[in-house]
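See below for the structure under consideration.
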Amino acid sequence: MNRYIKAMEIGLANEEKGISYINLVDQMQNELGYKFSYSAELTFMEWFNSNFTSDMVKMDYYNNTGKLRDYQSKRDGAKVNHNKSMNADIIRNILSVNHFLNGEASKQYLDYLELKESRIAAIQARKQSNFSIGIAIGAILISSVLGWYSIKIAPEPPYDVKVIEDKTRSKELEKENRELKEELFKAEIMVKVFEAKEEKTFD
1 MNRYIKAMEI GLANEEKGIS YINLVDQMQN ELGYKFSYSA ELTFMEWFNS
51 NFTSDMVKMD YYNNTGKLRD YQSKRDGAKV NHNKSMNADI IRNILSVNHF
101 LNGEASKQYL DYLELKESRI AAIQARKQSN FSIGIAIGAI LISSVLGWYS
151 IKIAPEPPYD VKVIEDKTRS KELEKENREL KEELFKAEIM VKVFEAKEEK
201 TFD
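Residue numbers (my numbering): 1 to 203.
Rendered as structure tokens:
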């Protein structure tokens with residue numbers, strides 16, 4: 001994460017009681033995992049002086065750059081003369097006072113969070129859109145394959161017609177046919193018997 005974004009995040013989290021420059025830098029270096037170089041801290045001090053305020057002190061960065069260097073040298077363990085040591089103590093006292101993130105910097109941080117959330121939402125929407133497109137393409141491909149397969153297995157004209165014989169019905173018809181023949185045979189015999197009786201009667 002960018003160190004200025006991290007500083008605004010920490011500053012906004014401490015908006016009730018404020019935070020000193022020294023504590024801010026210590027927390028930033030712990031969370032970011034690296035130590036500021038000499039030049040990097042000088043530029044950060046300038047930014048801090050513009051974006052954090054205190055009702056107790058206000059450091060004139062441009063008129064105190066020499067004192068800031070004396071402070072850094074003494075803090076880092078370098079040997080400094082008496083005057084430089086006094087300068088360092090003055091700056092240290094200023095940087096030990098709690099400061100508060102000002103309104104403009106707070107708005108910049110909130111704008112950053114809003115932009116970050118918008119980007120995340122856009123990425124998620126794009127993933128969802130790609131997923132939906134993938135499903136649609138898959139459905140089209142499956143439909144095409146099934147259509148091709150149905151054409152492939154369809155019989156070519158003249159179409160082959162398979163007649164499935166219903167053997168059960170055939171047996172029933174045969175039985176009915178036999179019974180009908182038997183009835184006709186019986187009727188024929190009865191007719192002959194009746195005719196014979198009539199002939200005898202007339203004789």
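Glycine included, each C-beta is placed from N, C-alpha and C at the ideal position.
Exercise for review: State the start and end residues of the unbroken beta strand (DSSP E) segment that holds Phe-100.
Suggested key: 98-101 is the extent of the beta strand (DSSP E) around Phe-100.
Review point. Which residue or residues does DSSP assign as beta-bridge partners of Ile-19?
Key: His-99
**Study point:** Beta-carbon separation (whole angstroms), Leu-95 vs Ser-20, contact threshold 8 Å
**Key:** So it is a contact: roughly 6 Å between Cβ atoms.
Review point. Can you find a CB in chain E that lies within less than 8 Å of the CB of Asn-130?
Key: Any reference to chain E falls outside this structure, which holds one protein chain only.
Exercise for review: Could you check how far apart the C-beta atoms of Leu-32 and Met-8 are, in whole angstroms? I think they sit under 8 Å.
Suggested key: At roughly 13 Å, the Cβ-Cβ gap does not stay under 8 Å, so Leu-32 and Met-8 are not in contact.
Review point. Can you tell me whether Tyr-109 is buried or exposed, with buried defined as 16 or more other CB within 10 angstroms of its CB?
Key: buried
Exercise for review: Taking 8 Å as the cut-off, decide whether the C-beta atoms of Phe-44 and Phe-36 are in contact.
Suggested key: Yes, the Cβ-Cβ distance between Phe-44 and Phe-36 is below 8 Å.
Practice item. List the DSSP bridge partners of Thr-53. Key: Phe-100
Exercise for review: Sort Val-97, Ala-139, Leu-141 and Asp-26 by Cα distance to Met-56 and report the nearest one.
Suggested key: Val-97
Check your understanding: Helix, strand or coil: which one does DSSP assign to Lys-35?
Key -> coil
Practice item. Out of Arg-169, Ser-50, Ser-129 and Glu-195, state which residue places its alpha-carbon closest to the alpha-carbon of His-99. Key: Ser-50
Point to revise | Ile-5 vs Leu-24 beta-carbon contact at 8 Å | key: Not in contact: Ile-5 and Leu-24 (Cβ atoms no closer than 8 Å).
Practice item. Taking only the alpha-carbon atoms, compute the straight-line gap between Glu-172 and Arg-178 and give it to the nearest angstrom. Key: 10 Å
**Study point:** Local conformation of Met-190 per DSSP, three classes
**Key:** helix
Practice item. Return the CA-CA distance between Ser-143 and Ser-170, expressed in angstroms with no decimal places. Key: 43 Å
Review point. Span of the alpha helix (DSSP H) holding Met-8?
Key: 3-13
Check your understanding: Alpha carbon to alpha carbon, what distance is there between Ile-153 and Phe-185?
Key -> Between the C-alpha atoms of Phe-185 and Ile-153 there is a straight-line separation of about 54 Å.
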